[in-house]
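K.L.:
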Amino acid sequence: MTESESAADRPGRPDRPAPLETGSDADRRRAAADVLAPAAALAIGVLCWWVVTAVGTVPAFILPSPTAVAAQLLGNPDLYAQNALSTLEKVVYGGSVGIATGFLLAVLVAYLPWVRTAVYPYLVAVRVLPKIAVAPLLLIYLGTGTETAIVFVALITFFPLVLNTAAGLDRAPTEHRELLRSVDAGALERIAYVDLPYALPDVFAGLKQSVTLAVVGAVVGEWVIADDGLGFLVLMGSENVRPEVMLAALSVLLALGLALYGSVVLVQRGVRRWLGFDATDRG
1 MTESESAADR PGRPDRPAPL ETGSDADRRR AAADVLAPAA ALAIGVLCWW VVTAVGTVPA
61 FILPSPTAVA AQLLGNPDLY AQNALSTLEK VVYGGSVGIA TGFLLAVLVA YLPWVRTAVY
121 PYLVAVRVLP KIAVAPLLLI YLGTGTETAI VFVALITFFP LVLNTAAGLD RAPTEHRELL
181 RSVDAGALER IAYVDLPYAL PDVFAGLKQS VTLAVVGAVV GEWVIADDGL GFLVLMGSEN
241 VRPEVMLAAL SVLLALGLAL YGSVVLVQRG VRRWLGFDAT DRG
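Each residue of the sequence shown is one higher than the last, beginning at 1 in the numbering used here.
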């Protein structure tokens, strides 16, 4: 029997079924794609940056090379580490306060009609207000310093979470709520078993926005209010015409923001897996 003959023509040699892809295999493939695709894009971007600076298209005092920025980072590790920790402190403390108060108010808005009627229109109106316009007021009322920057971060992270969570808590199907009422389930059981699971996509969407805005708020606060942090380094680099300092600080800020955003994504996937959602669902 030749090799070209099909396996079906061989007596006693049934075809072996193709192995099924397990959920863990799909998770690993997706995780690898999530890491490799951005890494490849970053490598291409850095390569283009290096080529532009190497051929002299842009003067070095305007756009330093990637090696000059790396030398600035590696030559001053304590400077960037200390200021990164200062920025992270503002992000963590301010973001925690803003997220916690935002979630609490979202619950009140979702379940107390009079609170929704009284507060929700103002939440929507204030959200469109440029938050940077509030920074000078905080400077007048609270003065300069880390505490004022933390208040600014809390303010800027508050609104995305409260609006997204309040909307998400209204998404549960009415028939599911009626089913719980028919078995005399209490309000907490309704929230835990119906409303919150349906609200999770909106809650995590709000968290992702809040975490991103927390970094933005910390930097703006360091420009206007505080006198330390990565945002302050960017400002000092601009005033002293040191673009390598600015780009080094921005690189650390980029890494910090991606790490915080990635942490939220990992928590979201863990919660979805724990609740039994399909591992291939990215919602």
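Glycine included, C-beta positions come from ideal geometry on N, C-alpha and C.
1) With 8 Å as the threshold, decide whether the Cβ of P243 is near any Cβ in chain B.
2) Just to confirm my understanding: we take E189, look at its own chain, exclude 5 residues before and 5 after, and list those with CB closer than 6 Å. What are they?
3) Would you call the stretch 137-147 and the stretch 193-202 in contact, with 3 or more CB pairs under 8 Å?
4) Can you tell me which of the three DSSP states A71 falls into?
5) Work out the CA separation of V271 and I156 for me, nearest whole Å.
6) Return yes when the Cβ of V126 is within less than 8 Å of the Cβ of F103, no when it is not.
7) Buried or exposed: which applies to S263, given that a residue is buried once 16 or more other Cβ atoms fall within 10 Å of its Cβ?
8) How is I225 classed by DSSP in three states: helix, strand or coil?
9) Output needed for E5: all residues of its chain with C-beta closer than 8 Å, excluding positions within five of it in sequence on either side, in chain order.
10) Evaluate Y122 with the Cβ neighbour count: other Cβ atoms within 10 Å of its Cβ, from every protein chain shown; 16 or more gives buried, anything less gives exposed.
11) Work out the CA separation of L129 and I225 for me, nearest whole Å.
12) Going straight from the alpha carbon of N240 to that of V215, what length do you get?
13) What is the C-beta distance between M246 and G257, in whole angstroms, given that I count them as a contact (C-beta under 8 Å)?
14) Within a Cβ cutoff of 8 Å, which residues of the same chain sit near Y120, ignoring the five residues on either side of it in sequence?
15) Nearest-angstrom Cα distance between L230 and A84?
16) Alpha carbon to alpha carbon, how far is G276 from L180? Give it in angstroms, no decimals.
17) For K131, which option in R28, T67, D170 and V219 has the closest C-alpha, if you only look at C-alpha atoms?
18) Do you know how far the Cα of G143 is from the Cα of W223?
19) Tell me where the alpha helix (DSSP H) around P136 begins and ends.
20) I need the straight-line Cα distance from P173 to R29, nearest angstrom please.
21) The alpha helix (DSSP H) spanning S238 covers which residue range?
P.N.:
Reading from the atomic positions:
1) The structure shown has no chain B; it contains just one protein chain.
2) none
3) no
4) helix
5) 26 Å
6) no
7) exposed
8) coil
9) Confidence in E5 is poor, its pLDDT being 49 and thus under 50, which makes the residue's placement unreliable; the coordinate value appears in the next sentence. Closer than 8 Å at Cβ, skipping near neighbours: no residue.
10) exposed
11) 19 Å
12) 24 Å
13) 16 Å between Cβ atoms; not a contact.
14) V109 and A166
15) 6 Å
16) 20 Å
17) V219
18) 14 Å
19) A135 to L142
20) 34 Å
21) L230 to E239
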